[in-house]
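Working notes, beginning with the structure itself.
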Amino acid sequence: MNIKRQYISALCVIAIAGTALVTVSGSVFSGYHFMDCSDFTNIARSMRETSWWQSLVSFFLSDTGGGRFRPGWCLYMFTVSCMPWGDNMLAQGIVSY
């Protein structure tokens with residue numbers, strides 16, 4: 005019985021320490037672990053540097069240059085990236101799912 009209590013105590017300490025670490029470091033609420041797609045940030049960066057039309061054409065050409073033809077996906081990515089929240093990965097993840 006004493007060993008079982010030690011295991012439970014150790015598990016609780018590890019869980020609390022781990023939760024505290026990822027919360028204090030900001031990892032939990034950063035949103036970057038919700039998505040593994042750099043296109044959102046690339047489009048947002050392009051929108052800050054050029055016009056929306058140049059960004060759309062550039063993004064479409066770079067996507068088709070790799071041998072893919074996905075006009076619907078390109079339009080979706082561009083539209084979602086132009087939403088008011090910009091490159092906030094948490095909002096992007098919520099919308100994408």
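To convert, take the position in the sequence shown, counting from 1, and add 4; that gives our numbering.
Heads up, the beta-carbon is just placed ideally off N, CA and C, and yes, glycines get one too.
Local conformation of T68 per DSSP, three classes
helix
If we ignore side chains and look at the alpha-carbon of each, how far apart do S50 and T83 end up?
13 angstroms
Helix, strand or coil for W89, going by three-state DSSP, please let me know.
Three-state result, W89: coil.
Evaluate M81 with the Cβ neighbour count: other Cβ atoms within 10 Å of its Cβ, from every protein chain shown; 16 or more gives buried, anything less gives exposed.
buried
Segment limits, alpha helix (DSSP H) that includes F44
D43 to E53
Is it right to say Q96 is buried, meaning 16 or more other beta carbons lie within 10 angstroms of its own, or is it exposed?
buried
Can you tell me the Cα-Cα spacing of F73 and L79, whole angstroms?
Straight across, the Cα-Cα distance linking F73 with L79 is about 12 angstroms.
Short Cβ contact (9 angstroms threshold) for S13 with I47
no
Taking the C-alpha atoms as reference points, what is the distance between R9 and L15?
Rounded to the nearest angstrom, the two C-alpha atoms are 10 angstroms apart.
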